[in-house]
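Number of protein chains: 2
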Amino acid sequence: MTSLAPIDSFWAVVPAGGAGTRLWPLSRAGAPKFLHDLRGSGRTLIQETHDRLGPLAPGRVLVVTGAAHRDAVAGQLDTLAPEAILAEPSARDSMAAIGLAAALIERADPDAVMGSFAADHVIADVEGFAGAVRTSVEVAREGWLVTLGVEPTFPSSAFGYIRSGEPLAEHPGAARVSQFVEKPSVEVARGYLAEGGYRWNAGMFVARPTVLLDLLADTDPGFAADLRALAADGSRMDEIWPRLPRIAVDHAVAEPAAAAGRVATVPAAFDWEDVGDFDSLAALLGADGVPMTVLGDADVRVVDASGLVVAGGRTVAVVGLDDVVVVDTPDALLVTTRERAQDVKAVVAALKESGRADLT
Amino acid sequence: MTSLAPIDSFWAVVPAGGAGTRLWPLSRAGAPKFLHDLRGSGRTLIQETHDRLGPLAPGRVLVVTGAAHRDAVAGQLDTLAPEAILAEPSARDSMAAIGLAAALIERADPDAVMGSFAADHVIADVEGFAGAVRTSVEVAREGWLVTLGVEPTFPSSAFGYIRSGEPLAEHPGAARVSQFVEKPSVEVARGYLAEGGYRWNAGMFVARPTVLLDLLADTDPGFAADLRALAADGSRMDEIWPRLPRIAVDHAVAEPAAAAGRVATVPAAFDWEDVGDFDSLAALLGADGVPMTVLGDADVRVVDASGLVVAGGRTVAVVGLDDVVVVDTPDALLVTTRERAQDVKAVVAALKESGRADLT
Chain A
1 MTSLAPIDSF WAVVPAGGAG TRLWPLSRAG APKFLHDLRG SGRTLIQETH DRLGPLAPGR
61 VLVVTGAAHR DAVAGQLDTL APEAILAEPS ARDSMAAIGL AAALIERADP DAVMGSFAAD
121 HVIADVEGFA GAVRTSVEVA REGWLVTLGV EPTFPSSAFG YIRSGEPLAE HPGAARVSQF
181 VEKPSVEVAR GYLAEGGYRW NAGMFVARPT VLLDLLADTD PGFAADLRAL AADGSRMDEI
241 WPRLPRIAVD HAVAEPAAAA GRVATVPAAF DWEDVGDFDS LAALLGADGV PMTVLGDADV
301 RVVDASGLVV AGGRTVAVVG LDDVVVVDTP DALLVTTRER AQDVKAVVAA LKESGRADLT
Chain B
361 MTSLAPIDSF WAVVPAGGAG TRLWPLSRAG APKFLHDLRG SGRTLIQETH DRLGPLAPGR
421 VLVVTGAAHR DAVAGQLDTL APEAILAEPS ARDSMAAIGL AAALIERADP DAVMGSFAAD
481 HVIADVEGFA GAVRTSVEVA REGWLVTLGV EPTFPSSAFG YIRSGEPLAE HPGAARVSQF
541 VEKPSVEVAR GYLAEGGYRW NAGMFVARPT VLLDLLADTD PGFAADLRAL AADGSRMDEI
601 WPRLPRIAVD HAVAEPAAAA GRVATVPAAF DWEDVGDFDS LAALLGADGV PMTVLGDADV
661 RVVDASGLVV AGGRTVAVVG LDDVVVVDTP DALLVTTRER AQDVKAVVAA LKESGRADLT
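As you go down the protein sequences, you meet chains A and B in turn. Numbering-wise (the numbering used here), the first sequence opens with residue 1 and increments by one. Numbering-wise (the numbering used here), the second sequence opens with residue 361 and increments by one.
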């Protein structure tokens with residue numbers, strides 16, 4: 001049995017949301033990050049996510065996405081059954097999206113263990129990923145809420161951190177989570193790395209659906225009841241969905257559960273990238289220390305320049321700029337630097353404010 | 361009589377050539393610099409050139425351009441008679457172009473004084489220009505080849521220089537030209553400015569056509585004879601034109617004539633710009649010390665950036681770059697800096713070499 005073999009009763013949930021505003025103008029509300037081939041691999045991020053999960057949970061992958069993206073997702077994941085794509089009538093943050101999937105799985109399979117994995121992360125090491133998921137499922141069967149913890153490679157201020165507690169004796173490498181900490185400053189993050197025992201919270205978690213919903217019920221019984229009612233009777237969507245709280249699964253479940261000693265972490269021993277901005281995209285594509293890196297298909301001419309060109313078909317010439325980022329799309333063009341890549345969100349905010357949401 | 365009144369027997373010749381490769385991808389072989397509205401004034405450079413000259417030489421403006429641009433020029437200068445646009449069957453440099461115009465004018469008007477003014481220069485001070493031309497015509501009537509000398513404002517290595525000799529007693533400000541000097545190094549140019557008596561050669565000159573052609577005949581009698589033969593019988597174009605030497609009027613006439621003491625210079629007391637690259641275009645548009653300058657019509661969003669955006673209709677966002685140059689056209693995009701603007705010609709050369717002359 002290779003590590004890519006199916007995992008018994010394992011269900012994979014893929015929340016596909018988030019516009020990725022720091023990747024504007026490539027990523028838009030209408031064509032978010034997960035629908036793009038950001039690695040130049042010929043597969044989009046959601047396709048790669050499905051490629052990783054399909055073998056582990058054959059016929060047991062659910063995608064939860066906005067109603068606006070339902071057709072695009074179905075087009076990209078053409079092996080998925082139509083009922084495996086759950087369309088949210090409106091955005092209600094991750095607890096509602098993942099909780100609805102949990103309630104459906106709970107009804108479908110009493111032995112189920114579910115895992116939630118964002119549609120827009122990049123994980124090249126498919127076997128390493130599968131191994132960590134397999135271990136997480138084993139731990140989760142015992143009733144833990146399991147979160148995958150990524151070994152930090154630098155003091156990032158862009159991710160939340162997981163603080164490990166005492167090891168789980170029966171599961172080498174796994175440990176109780178003593179605390180989730182919000183995105184720290186770089187200074188604080190540096191302290192975490194020096195101290196040790198901290199991992200990045202990549203938002204990947206594994207649990208029995210009943211455990212997840214019961215943990216939710218501990219803090220918000222009405223929310224959990226609504227999700228179970230919706231799973232029991234899909235025709236109540238219009239009635240129930242609009243009243244669901246807008247809250248992230250981290251705040252609704254993971255943090256209170258950690259405080260209650262119910263959360264474990266399993267090390268994610270594989271490279272992981274959330275490709276949050278063009279700087280991390282450039283790094284992912286190997287742009288460090290080389291001449292211009294090009295994503296997409298175009299005639300790109302470079303004179304004394306480095307960085308990233310996201311091609312949109314037109315000829316692009318870059319002369320005399322280092323670590324520049326040029327993103328060419330049919331209706332909008334971005335020019336910035338890798339260092340300032342985070343500030344692209346200011347452009348998106350300004351466009352929205354001035355009535356150009358059509359471009360965002 | 362205002363200074364914009366017609367000048368008796370004054371003929372204006374406008375050589376309209378040169379692709380302006382340092383302004384790629386805005387300026388192309390197929391749509392050169394002079395056909396563009398580089399000032400954002402609503403008028404293209406050749407239209408502004410005609411606006412300056414038309415009042416001084418009503419009905420006596422001739423444009424010499426490549427056959428490929430004949431229709432575009434006629435479209436932009438719709439008050440010009442069709443026969444006032446001379447189409448060169450092939451590029452033969454400026455002596456052939458201006459010499460043909462001289463030979464035609466020589467036949468048409470025995471009292472003529474002609475002036476030659478490039479189609480792609482920017483001169484905002486229309487009255488100052490007219491005054492300098494008027495003085496130049498007076499001097500030229502006496503048999504001088506008159507060149508307008510622009511007061512240097514910085515030690516440019518991009519222009520040739522005119523060295524003044526003894527003043528012409530009858531024409532205050534005018535002087536004999538002792539020498540034309542080729543584009544110097546910045547170091548040498550600095551010496552010229554310190555020494556004084558040097559002016560920029562803006563390529564604007566005024567002379568009686570007979571004087572010009574006789575000066576040419578002194579160095580190349582066959583060339584002068586061919587031009588006069590062509591003016592006498594336009595049907596000989598296909599026979600004569602291809603054999604005309606490819607030489608600039610400066611080398612063919614102005615430099616030898618200066619050595620022979622036949623050239624005078626009149627001060628050009630007006631701002632003059634040849635807009636050779638995007639750095640000088642940015643300066644012309646007032647980009648120094650201000651946030652982003654935009655030429656053309658587009659939604660341009662700027663966060664901590666300065667420089668020049670030449671808009672092509674799409675939304676353009678620039679984040680965190682100073683003195684950047686972004687030129688957006690339908691099929692090609694340029695990103696560079698004002699400092700490296702000269703190197704754009706390397707891109708054009710590379711495109712030509714690799715068989716993409718269609719883009720240049």
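Beta carbons: idealized from backbone N, C-alpha and C, even for Gly.
Sequence-ordered contacts of the segment 317-328 of chain A with chain B read Ala317, Val318, Val319, Gly320, Leu321, Val324, Val326 and Asp328 [C-beta pairs closer than 7 Å].
Annotated three-state conformation of Val186 (chain A) is helix, per DSSP.
Contact between Ile46 (chain A) and Ala91 (chain A) is ruled out by a C-beta separation of about 17 Å, above the 8 Å threshold. With contacts defined by Cβ atoms closer than 9 Å, Ala444 (chain B) and Val473 (chain B) do not form a contacting pair. Checking the DSSP bridge columns, you'll see Glu633 (chain B) partnered with B:Val482. Contacts between Thr315 (chain A) and chain B, judged by CB atoms closer than 8 Å, involve Pro385, Asp691, Ala692, Leu693, Leu711, Arg716 and Leu719 in chain order. Of all residues in the segment 655-671 of chain B, only Asp659, Arg661 and Val663 place a beta-carbon less than 7 Å from a beta-carbon of chain A.
Chain B has a Cβ within less than 9 Å of the Cβ of Ala346 (chain A). At a cut-off of 9 Å between C-beta atoms, Arg700 (chain B) counts as an interface residue with respect to chain A. For Thr696 (chain B), the chain A residues whose C-beta falls within less than 9 Å of its own C-beta are Val303, Ala305, Ala317, Val318, Val319, Gly320 and Leu321, listed in chain order. With a minimum length of 4 residues, the unbroken runs of alpha helix (DSSP H) contained wholly in the segment 207-263 of chain A fall at 209-219, 221-232, 237-240 and 255-259. For Asp279 (chain A), not one C-beta of chain B is nearer than 9 Å to its own C-beta. Judged by DSSP in its simplified three-state form, Arg301 (chain A) adopts strand. Residue-level contact check: Asp703 (chain B) touches chain A, since one or more beta carbons of chain A fall below 9 Å from its beta carbon. With fewer than 16 other Cβ atoms from the protein chains shown falling within 10 Å of its own Cβ, Arg246 (chain A) counts as exposed. Under the three-state reduction of DSSP output, Gly509 (chain B) falls in the strand class.
The Cβ atoms of Arg494 (chain B) and Val623 (chain B) lie no closer than 9 Å to each other. Distance between His251 (chain A) and Leu333 (chain A), taken at the CA atoms: about 36 Å.
Sequence-distant Cβ neighbours of Gly520 (chain B) in its own chain, meaning closer than 8 Å and more than five residues away, are Phe540, Val541, Glu542, Lys543, Trp560, Asn561 and Asp610.
Ala194 (chain A) is classed as exposed because its beta carbon has fewer than 16 other beta carbons within 10 Å across all chains shown. The segment 368-422 of chain B is shown to contain whole alpha helix (DSSP H) runs of 4 or more residues at 405-413, in chain order. In this structure, the straight-line span from the alpha carbon of Val499 (chain B) to that of Gly621 (chain B) is close to 14 Å. Your pair Leu295 (chain A) and Gly40 (chain A) checks out as a contact, with CB atoms roughly 5 Å apart and the cut at 8 Å.
With respect to Asp8 (chain A), Asp111 (chain A) sits close: the two C-beta atoms are nearer than 9 Å. Its Cα nearest to that of Glu511 (chain B), the residue B:Tyr558 stands out among B:Trp504, B:Tyr558 and B:His410.
Counting only residues of its own chain and dropping the five nearest sequence neighbours on each side, Ala305 (chain A) has a CB closer than 7 Å to the CB of Met292, Val318, Val319, Gly320, Leu321, Asp322 and Val324. Assignment of alpha helix (DSSP H) within the segment 73-146 of chain A, counting only whole runs of 4 or more residues, yields 93-108 and 126-141 in chain order. Residues of the same chain with a CB within less than 6 Å of the CB of Pro256 (chain A), apart from the 5 flanking positions on each side, are Thr219 in chain order. By the CB criterion at 9 Å, Leu351 (chain A) and Val326 (chain A) fall outside the cutoff. Excluding its 5 nearest sequence neighbours in each direction, Ala231 (chain A) has C-beta neighbours in its own chain below 6 Å: Ala103, Leu104 and Arg107, listed in chain order. In the three-state reduction of the DSSP assignment, Gly191 (chain A) falls in the helix class. Counting along the chain, no beta strand (DSSP E) covers Leu528 (chain B), and no H or E run does either. One alpha carbon belongs to Phe477 (chain B), the other to Ala584 (chain B), and they sit about 21 Å apart.
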